[in-house]
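These protein sequence lines map, in sequence, to chains A and B. Heads up, our numbering is the position in the first sequence plus 223, with the first residue counted as 1. Heads up, our numbering is the position in the second sequence plus 1, with the first residue counted as 1. Even glycine gets a Cβ: it sits at the ideal position worked out from N, Cα and C. Nothing here was measured: the structure is a model prediction, and the numbers come from that model. The structure appears below as structure tokens.
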Amino acid sequence: MSHKIIRALFDDDDVLMDAVKNVRANGHEIEEVYTPFPVHGLDKAMGLKDTRIAIAAFIYGLIGLGFATWMMNYMMIEDWPQNIGGKPSFSYAENMPAFVPIMFEMTVYFAAHLMVLTFYMRSKLWPFQKAGNPDPRTTDDKFLMELPVSENEDALVSFLKENGAIEINIVDKH
Amino acid sequence: MSHYEAPIRKPLILGNKTYHDVSVDISKPIFGKANKLWWFAFTVALLAFLWGVGAIVYTIGTGIGVWGLNNKINWAWDITNFVWWVGIGHAGTLISAVLLLFRQKWRMGINRSAEAMTIFAVFQAGLFPLIHMGRIWNGYWVMPIPNQFGSLWTNFNSPLLWDVFAISTYLSVSVVFWWTGLLPDFAMIRDRATKPFHKKIYSLVSFGWSGKAKDWQRFEEVSLVLAGLATPLVLSVHTIVSFDFATSVIPGWHSTVYPPYFVAGAVFSGFAMVQTLLIIMRKVSGLEDYITRDHIENMNKVILVTGGIVAIAYLSEFFVGWYSGSSYEDFTYLSIGAATGPYWWAFWALILCNSVFPQLLWIKKFRRSFVFSFFMSIIINIGMWFERFDIIVINLSRGHLPSTWTQFSPTYVDIAIYIGTIGFFFVLFLLYARTFPVVAQAEIKSIMKSSGDRYKGKKH
Numbered sequence: 224m225s226h227k228i229i230r231a232l233f234d235d236d237d238v239l240m241d242a243v244k245n246v247r248a249n250g251h252e253i254e255e256v257y258t259p260f261p262v263h264g265l266d267k268a269m270g271l272k273d274t275r276i277a278i279a280a281f282i283y284g285l286i287g288l289g290f291a292t293w294m295m296n297y298m299m300i301e302d303w304p305q306n307i308g309g310k311p312s313f314s315y316a317e318n319m320p321a322f323v324p325i326m327f328e329m330t331v332y333f334a335a336h337l338m339v340l341t342f343y344m345r346s347k348l349w350p351f352q353k354a355g356n357p358d359p360r361t362t363d364d365k366f367l368m369e370l371p372v373s374e375n376e377d378a379l380v381s382f383l384k385e386n387g388a389i390e391i392n393i394v395d396k397h
Numbered sequence: 002m003s004h005y006e007a008p009i010r011k012p013l014i015l016g017n018k019t020y021h022d023v024s025v026d027i028s029k030p031i032f033g034k035a036n037k038l039w040w041f042a043f044t045v046a047l048l049a050f051l052w053g054v055g056a057i058v059y060t061i062g063t064g065i066g067v068w069g070l071n072n073k074i075n076w077a078w079d080i081t082n083f084v085w086w087v088g089i090g091h092a093g094t095l096i097s098a099v100l101l102l103f104r105q106k107w108r109m110g111i112n113r114s115a116e117a118m119t120i121f122a123v124f125q126a127g128l129f130p131l132i133h134m135g136r137i138w139n140g141y142w143v144m145p146i147p148n149q150f151g152s153l154w155t156n157f158n159s160p161l162l163w164d165v166f167a168i169s170t171y172l173s174v175s176v177v178f179w180w181t182g183l184l185p186d187f188a189m190i191r192d193r194a195t196k197p198f199h200k201k202i203y204s205l206v207s208f209g210w211s212g213k214a215k216d217w218q219r220f221e222e223v224s225l226v227l228a229g230l231a232t233p234l235v236l237s238v239h240t241i242v243s244f245d246f247a248t249s250v251i252p253g254w255h256s257t258v259y260p261p262y263f264v265a266g267a268v269f270s271g272f273a274m275v276q277t278l279l280i281i282m283r284k285v286s287g288l289e290d291y292i293t294r295d296h297i298e299n300m301n302k303v304i305l306v307t308g309g310i311v312a313i314a315y316l317s318e319f320f321v322g323w324y325s326g327s328s329y330e331d332f333t334y335l336s337i338g339a340a341t342g343p344y345w346w347a348f349w350a351l352i353l354c355n356s357v358f359p360q361l362l363w364i365k366k367f368r369r370s371f372v373f374s375f376f377m378s379i380i381i382n383i384g385m386w387f388e389r390f391d392i393i394v395i396n397l398s399r400g401h402l403p404s405t406w407t408q409f410s411p412t413y414v415d416i417a418i419y420i421g422t423i424g425f426f427f428v429l430f431l432l433y434a435r436t437f438p439v440v441a442q443a444e445i446k447s448i449m450k451s452s453g454d455r456y457k458g459k460k461h
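What follows is the structure, encoded as structure tokens:
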């Protein structure tokens, strides 16, 4: 289903921030904002929810720690216990000091890689993915706000211009 | 929104730059043509690399008997080079992770290249244990996988196996940290590219990055958490490398000071290598406004601190060895025996290069001089190579039985492999400098208003 949207281009991050606040205060919905660098506070101003990716990373880390513990317990204690250098493999707890380095490394390994994979999947970033920014200048020095056209198109356009938009395009989005 | 920063802090981006100027400056080396100097450096590096490849092929084909190792000194150049490269590979993550956690804005001019250097250095490091196995085709035995020996598992009590896990985790996490930070910068290059070939390549590597608000929110959170994970990781890696020595019972190796001392030494040598590369690169790639004199001075301060930690570790090693009254300690790498014995030159190279000359950095004029910093970084790299050589060779050359006392001399194969890894390192770094955005331009743009010459001090 296609609908008409407005693309408003800004050339300064502070102007954009004020515009985002004013547009939302005026009761308009913002679909998306494209920026060339992280503009601090933009997510709050747009009303985006906090990301939960750090919580996911913590859980991934616990999985890594659990996996390392299970793996070394199985290999060193259960499956083939050996007396290495006069240090017999009696139980995991008694031999644990030697296992701490790998427990730590596996925690970091799982947390870091699975978190980054989650980020790539959630944000749809992978090789051969087509770039989604409507204007190539938004990775250089311009900021683009996308919002749906309301009943009164002209009023919205002039409102955006008052708020510092330097260029306005109205397009059909599919 | 406030972009206030105390006026006493000097601007980090010089030259009255706008956001667009940053994009132009960073993409210039990629869209431009390489000059003669680049081709010359690349050819020399490539030849050195090929010589190293030849020596590695010869080693694998014949056996490690072609090296200068003997019955007593069974680790020497190979492990020296391994530890040297891993140590160099510590600065990148320190700059990108630790300085991020401390909110040091000056890291943004240098973090990309420092991380690249880290990754390329860890490649070199990883080569040495692999070829030292002799039978490299059995290299997969270090993996804990079911095998044809009735599943005789790897030995998780061994520091050498901890090393395998630590270095693979470090390398792979550094790569994803680096690549995630590169996505917005690749996207900038993609959107500015005019040649279809450039467009294709940079579209592929930028993973379709488009700079949506939600993506940036996740991007910043991921960077922060990765920094939090990478900080203990970088400390763990050289700690575990030091366990290779510290958990043994050889005098001079069996030392509880090793982990913190190795980590400080790694940061010391890593920052020196960053200086070596960036002082050249800022000129060649036209980055004088992004990698400024203040960046160089800040790095020199880190070098001074970590060099100080290393010097105190040397002193404590020397004192404790002497104070123990054990006759074996008279011949460890930090002892009167080493200073006056057959390896006196290696001992004094270590002391002079790592602990005496770097003290000149206390003088502000030297600390802020590009030429001086460049030569100092070379001296430190030499000194840190000798530190590892001394730890390994001097300690092994004086065993418990005087009848086993021996000397080590490298063969041309040892030397060729070492030179080859330096060549390989520079081949990778020179290719990187021509094809990657060498400054994290998206991050630089985010601090322009607070720390850029153009905006700083103006009202917003």
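Asked                                                                                                                                : Found
DSSP state of A7 (chain B) mapped onto helix, strand, coil                                                                           : coil
Pick from A:V246, A:L337 and A:K353 that is closest to F281 (chain A), judged by C-alpha positions                                   : A:L337
Three-state secondary structure assigned by DSSP to V439 (chain B)                                                                   : coil
Distance, A46 (chain B) Cα to H199 (chain B) Cα                                                                                      : 25 Å
CA-to-CA distance, A49 (chain B) to F414 (chain B), given in whole angstroms                                                         : The question names Phe, but residue 414 (chain B) is Val in the sequence shown. Their backbone Cα atoms lie some 13 Å apart in a straight line.
A248 (chain A) classed as buried or exposed, judged by whether at least 16 other C-beta atoms fall within 10 angstroms               : exposed
Cutoff 9 Å: P371 (chain A) Cβ touching any chain B Cβ                                                                                : no
Neighbour flag for H226 (chain A) against chain B, beta carbons, 9 Å                                                                 : no
Complete alpha helix (DSSP H) runs within the segment 269–334 of chain B (minimum length 4 residues, chain order)                    : 294–325
Selection from B:W76, B:F371, B:R219 and B:G229 that minimises the alpha carbon distance to R294 (chain B)                           : B:F371
Opening and closing residue of the beta strand (DSSP E) in which R230 (chain A) lies                                                 : H226 to F233
V99 (chain B): contacting residues in chain A (beta-carbon distance under 8 Å)                                                       : Correct list: empty, because the minimum Cβ distance to chain A is about 15 Å.
Min CB distance E317 (chain A) to chain B below 9 Å                                                                                  : no
Reduced DSSP secondary structure (H/G/I, E/B, other) of N148 (chain B)                                                               : coil
Interface partners of E444 (chain B) on chain A, CB under 9 Å                                                                        : F260 and P261
Test: F351 (chain A) CB closer than 9 Å to a CB of chain B                                                                           : yes
Supposed contact pair I325 (chain A) and F157 (chain B) - C-beta distance, whole angstroms, cut 8 Å                                  : 6 Å
Proximity test, Cβ basis, 9 Å: P197 (chain B) and chain A                                                                            : no
Closer than 8 Å at the beta carbon, the chain B residues around V256 (chain A)                                                       : K213 and A214
Sufficient close CB pairs (3 or more, under 8 Å) joining the segment 386–398 of chain B to the segment 76–84 of chain B              : yes
Listed by chain order, chain A residues near I241 (chain B) by CB distance under 7 Å                                                 : P324
Residues of its chain near D237 (chain A), where Cβ-Cβ distance is below 7 Å and the 5 sequence neighbours each way are ignored      : none
Beta-carbon contacts of Y343 (chain A) that lie in its chain and below 7 Å, excluding the five residues immediately before and after : W349
First through last residue of the alpha helix (DSSP H) which encompasses K37 (chain B)                                               : K37 to T63
Rounded separation between P12 (chain B) and K457 (chain B) - CA only                                                                : 7 Å
DSSP state of Y257 (chain A) mapped onto helix, strand, coil                                                                         : strand
Residues sharing a beta bridge with K396 (chain A), DSSP                                                                             : A:H226
Buried versus exposed call for P320 (chain A) [16 or more other C-beta atoms within 10 Å across all chains shown]                    : exposed
Touching by the beta-carbon criterion (3+ pairs, under 8 Å), the segment 259–279 of chain A and the segment 432–444 of chain B       : yes
DSSP three-state assignment for N306 (chain A), whether helix, strand or coil                                                        : strand
Test: N386 (chain A) CB closer than 9 Å to a CB of chain B                                                                           : no
Neighbour flag for V331 (chain A) against chain B, beta carbons, 9 Å                                                                 : yes
Neighbour list for D415 (chain B) in chain A, Cβ cutoff strictly below 7 Å                                                           : Simply none; closest approach about 30 Å.
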